[in-house]
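The block underneath contains the structure these notes are about, expressed in structure tokens.
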Amino acid sequence: MSIRLHNIAKHFGGTRALEPIDLDIHEGELVGLLGPSGSGKTTLLRIIAGLETADRTPTPGKILFGDRDVSHIHVRDRRIGFVFQNYALFRHMSVYDNVAFGLTVMPRGQRPSRQDIRAKVYRLLEMVKLEAFANRYPAQLSGGQQQRVSLARALAVEPDVLLLDEPFGALDAKVRQDLRRWLRHLHDELNFTSVFVTHDQEEALELSDRVVVMSNGRIEQIDTPETLYRAPQNRFVFEFLGDVNHLEGKVQNGTLTCGDAHVAVDLPDGDEELLLRPHEIRLAEQPSADSHLPVTITAISPVGAEVRVELEADWLARPWLATVRHADFNRLALKRGQRLYAHPRHWHRFKEDVAVPDTSPVGVT
Amino acid sequence: MQRIGDAPLVRRLLIATAVGLSGLFLLLPLVAIFAQAFSQGVGVFWTNVSDVYTLHAIGLTLVIALLTIPVCLVFGVALAWLVTRFSFPGRRLLQTLIDIPFAVSPVVAGLVYLLLYGRNGWIGGWLDSYDIQLMFAWPGILMVTIFVTCPFVARELIPLMQAQGSREEEAAVVLGASGWTTFRRVTLPNIRWALLYGIILTNARAVGEFGAVSVVSGAIRGQTNTLPLHLEQLYQDYNAVGAFACAALLAFIALLTLAAKAGLEWRAARREAFS
Amino acid sequence: MSHFALRHSGSARVLPGFGLSMGISVLFISLVLLLPITGLFGQLAGLSLAEYWAIITEGRVVASYMVTIGAAAVAALVNAVFGLLLAWVLVRYDFPGKRLLDALMDLPFALPTAVAGITLATLYSGSGWMGGWLEAIGFNVAYTWVGIALAMAFTSIPFVVRTVQPVLEDMPAEVDEAAMTLGATDGVGFRRVIMPHLWPALVTGTGLAFVRSLGEFGAIIFIAGNMPYETEITALMIFVKLQEYDYAGASAIASVVLFVSLALLLAINIWQGRFVRRLHGGNA
Chain Y
1 MSIRLHNIAK HFGGTRALEP IDLDIHEGEL VGLLGPSGSG KTTLLRIIAG LETADRTPTP
61 GKILFGDRDV SHIHVRDRRI GFVFQNYALF RHMSVYDNVA FGLTVMPRGQ RPSRQDIRAK
121 VYRLLEMVKL EAFANRYPAQ LSGGQQQRVS LARALAVEPD VLLLDEPFGA LDAKVRQDLR
181 RWLRHLHDEL NFTSVFVTHD QEEALELSDR VVVMSNGRIE QIDTPETLYR APQNRFVFEF
241 LGDVNHLEGK VQNGTLTCGD AHVAVDLPDG DEELLLRPHE IRLAEQPSAD SHLPVTITAI
301 SPVGAEVRVE LEADWLARPW LATVRHADFN RLALKRGQRL YAHPRHWHRF KEDVAVPDTS
361 PVGVT
Chain S
1 MQRIGDAPLV RRLLIATAVG LSGLFLLLPL VAIFAQAFSQ GVGVFWTNVS DVYTLHAIGL
61 TLVIALLTIP VCLVFGVALA WLVTRFSFPG RRLLQTLIDI PFAVSPVVAG LVYLLLYGRN
121 GWIGGWLDSY DIQLMFAWPG ILMVTIFVTC PFVARELIPL MQAQGSREEE AAVVLGASGW
181 TTFRRVTLPN IRWALLYGII LTNARAVGEF GAVSVVSGAI RGQTNTLPLH LEQLYQDYNA
241 VGAFACAALL AFIALLTLAA KAGLEWRAAR REAFS
Chain D
1 MSHFALRHSG SARVLPGFGL SMGISVLFIS LVLLLPITGL FGQLAGLSLA EYWAIITEGR
61 VVASYMVTIG AAAVAALVNA VFGLLLAWVL VRYDFPGKRL LDALMDLPFA LPTAVAGITL
121 ATLYSGSGWM GGWLEAIGFN VAYTWVGIAL AMAFTSIPFV VRTVQPVLED MPAEVDEAAM
181 TLGATDGVGF RRVIMPHLWP ALVTGTGLAF VRSLGEFGAI IFIAGNMPYE TEITALMIFV
241 KLQEYDYAGA SAIASVVLFV SLALLLAINI WQGRFVRRLH GGNA
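Right under this line is the structure:
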């Protein structure tokens with residue numbers, strides 16, 4: 001079922017939580033709402049669910065599930081599944097009773113028979129691999145298990161859309177990774193429309209078909225993870241999606257100068273700030289004709305697929321972070337305190353109030 | 001945000017019922033006390049309050065409260081320190097034992113003291129041979145008052161000190177502070193408001209205790225009559241206005257207690273909001 | 001107990017004052033709480049079992065049990081409903097005067113029982129503000145067991161409100177929301193999701209209110225009328241025996257009251273402990 005929001009805004013007292021927002025989510029999509037805390041992503045999710053009501057504006061906002069206008073429909077009648085940040089399992093009910101709850105509270109006419117409920121609950125528990133835990137109480141389960149119960153409980157009522165609020169936020173890294181993959185599978189298998197909220201860019205990029213990046217109650221960009229990462233529409237999106245190095249200086253005659261460092265750029269004269277991802281910095285023992293950026297290694301972290309190297313220099317206000325392949329790391333025999341030259345492979349620049357990004361390769365290889 | 005029971009009709013109905021019933025059963029009696037006390041004017045109220053026996057009852061009541069508070073304070077702090085800062089076998093038992101005064105009928109409390117310290121009791125008989133009489137005298141009143149009020153300070157402190165944990169005191173000890181310094185400089189500032197509230201509750205109960213005191217006091221006018229006992233005698237003598245004059249004094253203390261509690265809670269909420 | 005304290009102080013304990021606080025606490029509890037109760041048993045030792053039985057099962061005494069327990073049960077049940085309503089309104093809604101209402105809840109604890117007693121007696125007597133019109137519609141409160149139950153309810157209402165209130169406050173909004181997203185109506189949600197959380201506190205509070213009512217004296221005697229066999233409570237029975245210098249009789253009846261109160265207190269503690277354990281884990 002598709003979700004369409006039109007002109008949805010929200011104030012809490014005098015503070016604005018959401019600017020008027022339009023958003024289309026297609027049937028069967030898995031969409032991530034990504035943003036820092038206070039960006040309005042959870043508010044948006046709760047408005048879709050019906051747990052919050054949008055502002056009453058002169059041109060009233062609308063929420064459509066498929067062709068059904070649910071703007072004025074109470075949360076209990078919206079046919080949504082909601083997975084809460086801290087699971088919100090009913091502590092006094094067993095796992096079985098938690099999952100069965102939504103079925104047992106249906107009006108008498110629609111309520112499945114006792115046997116049907118039982119069969120359905122066990123089918124769901126099997127799906128979340130918890131059939132052996134049916135008689136346990138939530139307090140006896142791990143965080144990951146509770147999260148799966150919470151998901152099974154939401155799915156039991158066969159919702160039109162599934163909404164998840166920071167579904168993996170409270171779990172440790174390993175469990176989070178597993179559950180993420182598992183949710184993706186589940187989504188592909190059952191093909192419901194899902195929206196989830198996260199502040200973790202890695203999670204949003206890995207899990208979503210499309211990501212909605214939000215800040216300050218505004219939608220900054222809606223795109224697939226690839227497009228979002230490769231072509232961020234503004235500085236906020238670029239900075240939020242990964243580590244960023246800054247290079248500030250003055251451009252004159254095609255050269256950006258900053259203290260004793262300089263690099264050739266194809267830009268008009270004036271003050272500039274260039275942004276570089278850690279993998280867009282190459283380290284070498286010599287400067288080149290196009291770039292002269294002397295740096296000193298202050299820290300090395302060889303953990304993971306790449307080596308992370310922290311760089312400092314007089315001309316840098318904040319240290320840079322560069323990632324180096326293990327092979328290059330060994331070849332260059334990097335050590336702390338070593339003096340090297342940085343060479344930008346790519347850089348990005350965002351002019352204030354200019355929506356179109358300007359991303360250029362530097363003529364260095 | 002929407003929660004269960006937030007539908008406007010349900011909400012209004014429940015608030016109206018709660019406020020209505022509370023007004024009828026809690027507020028109306030309070031109003032009635034003062035209405036009765038002043039029913040024949042301020043002059044009569046004043047005459048009743050400044051009656052020599054009333055003044056004596058007020059004095060005795062205040063003395064008993066003043067003597068009770070330090071005893072309960074020392075016990076309450078010691079017990080709270082013991083059960084929240086150490087673990088030892090019997091800790092839970094101690095915590096259950098201090099609830100005894102809450103569960104025991106005040107009349108029974110008075111009775112057990114009378115049996116032990118009265119002239120026919122084990123200890124009372126022995127003391128009597130030295131011409132010391134505790135029962136039907138002010139020491140007896142003090143003893144039963146301590147019995148009924150002793151849980152209040154401890155009950156206020158224990159949950160708070162439990163929640164705060166002993167990290168700060170441990171830090172102080174590690175930094176070389178002595179036991180007394182640790183308590184005075186680290187513990188006391190953290191618990192002072194709970195301590196104050198415990199004292200206020202102790203005072204309210206000490207001033208108002210009736211059942212236990214009426215068993216051991218003998219209620220001799222001008223000698224062993226506390227304010228609640230004096231009030232009873234006036235009421236039985238069909239001097240309702242006099243009785244309610246005393247009641248108004250006691251109700252005033254109760255109102256101060258409620259105001260103090262509200263003030264302390266407001267303060268705590270404000271501090272929480274700031275941190 | 002003192003050698004126990006010595007053995008442990010100064011060994012592995014980081015914080016000071018174990019011996020001192022243990023000493024004060026044990027001494028105080030022994031002298032103030034436990035020793036006097038031995039006086040009761042000393043008095044009872046002078047009675048034969050048959051004499052004891054005769055005293056505690058005498059007609060007038062048994063009638064007083066009935067009056068006390070009956071009125072206390074009614075008061076506790078009324079308070080369970082009224083207290084739950086008050087706690088709910090105080091936690092869930094905002095309205096003008098809420099803080100005043102909240103403060104008012106502690107009035108019965110702060111107000112001396114004798115003051116409550118003469119006030120209720122005056123209000124509900126035939127010439128009182130309440131009693132006047134109640135009598136006009138044929139309903140007598142003062143000097144009947146209804147008056148006793150009323151006085152008991154007045155003095156013990158804070159027990160229910162103040163035990164339920166914090167539990168209700170601690171209930172996260174998500175519990176309500178989870179029930180609503182799953183399609184529960186207000187009624188169903190309250191019955192199946194909220195009430196199960198409140199039960200332990202509600203039963204504990206009601207139990208404490210009941211225990212308190214069983215022992216209440218000052219608030220009741222003025223409104224009760226104190227007619228033997230009809231409106232005489234057990235606490236008053238003890239008092240009457242004392243006035244007659246019948247210490248043995250008073251002790252026997254007091255021992256029954258004491259035993260019942262302590263047994264109930266213990267039962268409440270155990271029951272509450274079990275419930276709390278179930279909700280907060282205890283990993284199997």
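The listed protein sequences derive, respectively, from chains Y, S and D. Numbering-wise, the first sequence is residues 1 to 365 according to the UniProt record's numbering. Numbering-wise, the second sequence is residues 1 to 275 according to the UniProt record's numbering. Numbering-wise, the third sequence is residues 1 to 284 according to the UniProt record's numbering. The beta-carbon is built from N, C-alpha and C at its ideal position, and this holds for glycine as well. Quick caveat, the model's predicted, so the values are computed rather than measured.
Helix, strand or coil at residue i according to DSSP, with G and I counted as helix
i: Y/V105; result: coil
i: D/S2; result: Here the model assigns D/S2 a pLDDT of 41, short of 50, so the residue's position is not dependable and the matter cannot be decided.
i: D/R13; result: coil
i: Y/Q177; result: helix
i: Y/R91; result: coil
i: Y/S150; result: helix
i: Y/M1; result: coil
i: Y/K10; result: strand
i: Y/R210; result: strand
i: Y/H199; result: coil
i: D/N283; result: Its pLDDT being 37, under 50, D/N283 is placed unreliably by the model, and the measurement read from it follows with that caveat. Residue state, collapsed to three classes: coil.
i: Y/T15; result: strand
i: S/E156; result: helix
i: Y/V364; result: With a pLDDT of only 37 at Y/V364, under the threshold of 50, the placement of this residue in the model should not be trusted; the figure read from the coordinates follows. If DSSP states are grouped into helix, strand and coil, Y/V364 belongs with coil.
i: Y/A342; result: strand
i: S/V173; result: helix
i: D/T181; result: helix
i: Y/D165; result: strand
Within chain Y, partners of residue i - CB distance below 7 Å
i: D/E174; result: F84, N86 and A88
i: D/W74; result: Per the sequence presented here, residue 74 of chain D reads as Val, with Trp not at that position. Within chain Y, no residue comes near D/V74; the closest Cβ sits about 29 Å away, beyond 7 Å.
Cross-chain neighbours of residue i in chain D, by beta carbon under 9 Å
i: S/Q36; result: I118, T119 and T122
i: S/D99; result: L265 and N269
i: S/A166; result: The sequence given here has Ser at residue 166 of chain S, not Ala. V14 and L15, listed in chain order.
Residues that residue i contacts on chain D, provided the C-beta gap is smaller than 8 Å
i: Y/M106; result: G183
i: S/S39; result: Correct list: empty, because the minimum Cβ distance to chain D is about 10 Å.
i: Y/V149; result: Those within 8 Å of Y/V149 in chain D number zero; the least Cβ separation is about 11 Å.
Within chain D, partners of residue i - CB distance below 7 Å
i: Y/G102; result: L182 and G183
i: Y/V128; result: By Cβ distance, chain D contributes nothing, its closest Cβ being about 16 Å from Y/V128, past 7 Å.
Beta-carbon neighbours of residue i, restricted to chain Y and to distances below 9 Å
i: D/E177; result: R46, A49, L51, V75, F82, F84 and A88
i: D/V193; result: F90, H92, M93 and F101
Interface residues of chain S facing residue i [CB-CB closer than 7 Å]
i: D/V89; result: L14, I15 and A18
Listed by chain order, chain S residues near residue i by CB distance under 9 Å
i: D/R92; result: R3, I4, G5, D6, R11 and L14
For the region 156-176 of chain D against the region 78-85 of chain D, are there 3 or more C-beta pairs whose distance is under 8 Å?
-> Yes: the two stretches touch, three or more of their Cβ pairs being nearer than 8 Å.
Quick check: the region 179-196 of chain D against the region 118-130 of chain D, are there 3 or more CB pairs under 8 Å?
-> Fewer than three beta-carbon pairs drawn from the region 179-196 of chain D and the region 118-130 of chain D are found closer than 8 Å, and the two stretches are therefore not classed as touching.
Compile a chain-ordered list of the residues in the region 258-278 of chain D whose CB is closer than 8 Å to at least one CB of chain S.
-> Taken in chain order, the members of the region 258-278 of chain D whose beta-carbon sits within less than 8 Å of a beta-carbon on chain S are L258, S261, L262, L264, L265, L266 and N269.
Which runs of the beta strand (DSSP E) spanning at least 3 residues fall entirely within the region 254-323 of chain Y, listed in chain order?
-> Fully contained in the region 254-323 of chain Y are the following beta strand (DSSP E) runs of length 3 or more, in chain order: 255-258, 261-264, 270-276, 281-284, 294-301 and 306-312.
Mind pulling the beta strand (DSSP E) runs of 3 or more residues that sit fully within the region 34-77 of chain Y?
-> Runs found: 62-65.
Residues of the region 13-32 of chain Y whose Cβ lies closer than 9 Å to any Cβ of chain D, in chain order | Correct list: empty, as no residue qualifies.
Any residues in the region 46-77 of chain Y with a beta carbon nearer than 7 Å to a beta carbon of chain D? Which ones, in chain order?
-> For the region 46-77 of chain Y, which is checked against every Cβ of chain D, the residues closer than 7 Å are A49, L51, V75 and R76.
At a Cβ cut of 8 Å, what residues of the region 39-71 of chain D count as close to chain S, listed as they run along the chain?
-> Legend: CB atoms of the region 39-71 of chain D lying less than 8 Å from CB atoms of chain S belong to residues G39, L40, G42 and Q43.
Does the region 20-38 of chain S come close enough to the region 192-202 of chain S that 3 or more CB-CB pairs lie under 8 Å?
-> No, the region 192-202 of chain S does not touch the region 20-38 of chain S.
Three or more C-beta pairs below 8 Å linking the region 127-139 of chain D and the region 233-241 of chain D | Because the criterion of three Cβ pairs below 8 Å is not met, the region 127-139 of chain D and the region 233-241 of chain D do not touch.
For the region 101-121 of chain S, enumerate the residues whose C-beta is nearer than 9 Å to any C-beta of chain D, in chain order.
-> Residues P101, F102, A103, V104, S105, P106, V107, V108, A109, G110, L111, V112, Y113, L114, L115, L116, Y117, G118, N120 and G121.
Touching by the beta-carbon criterion (3+ pairs, under 8 Å), the region 51-64 of chain D and the region 99-115 of chain S | In short, these stretches do not touch, since the Cβ pair count stays below three.
Three or more C-beta pairs closer than 8 Å, one from the region 27-47 of chain Y and one from the region 203-223 of chain Y: is that the case here?
-> Between the region 27-47 of chain Y and the region 203-223 of chain Y there are three or more inter-stretch CB-CB distances shorter than 8 Å, so the stretches are counted as touching.
Scan the region 191-230 of chain S and note each continuous alpha helix (DSSP H) run of 4 residues or more that stays entirely inside, going in chain order.
-> With a minimum length of 4 residues, the continuous alpha helix (DSSP H) runs that stay inside the region 191-230 of chain S are 211-217.
Decide yes or no for the touch test of the region 222-231 of chain D against the region 140-154 of chain D: beta carbon pairs closer than 8 Å, at least 3 of them.
-> These segments touch.
Can you list, in chain order, the residues of the region 206-218 of chain S whose Cβ is nearer than 9 Å to any Cβ on chain D?
-> Interface annotation for the region 206-218 of chain S against chain D: V207, G208, E209, F210, G211, A212, S214 and V215, criterion Cβ-Cβ distance under 9 Å.
In the region 202-219 of chain D, which residues sit with their C-beta less than 9 Å from some C-beta in chain S, listed in chain order?
-> The region 202-219 of chain D vs chain S, Cβ under 9 Å: L208, V211, R212, L214, G215, E216, F217, G218 and A219.
Whole alpha helix (DSSP H) runs in the region 203-271 of chain D with 4 or more residues, listed along the chain?
-> For the region 203-271 of chain D, the continuous alpha helix (DSSP H) assignments of 4+ residues that do not extend past its boundaries occur at 218-224 and 234-243, in sequence order.
Taking the runs of the beta strand (DSSP E) that are 3 residues or longer, which of them lie wholly in the region 75-134 of chain D?
-> Those beta strand (DSSP E) runs which fall completely within the region 75-134 of chain D and span 3+ residues do not exist here.
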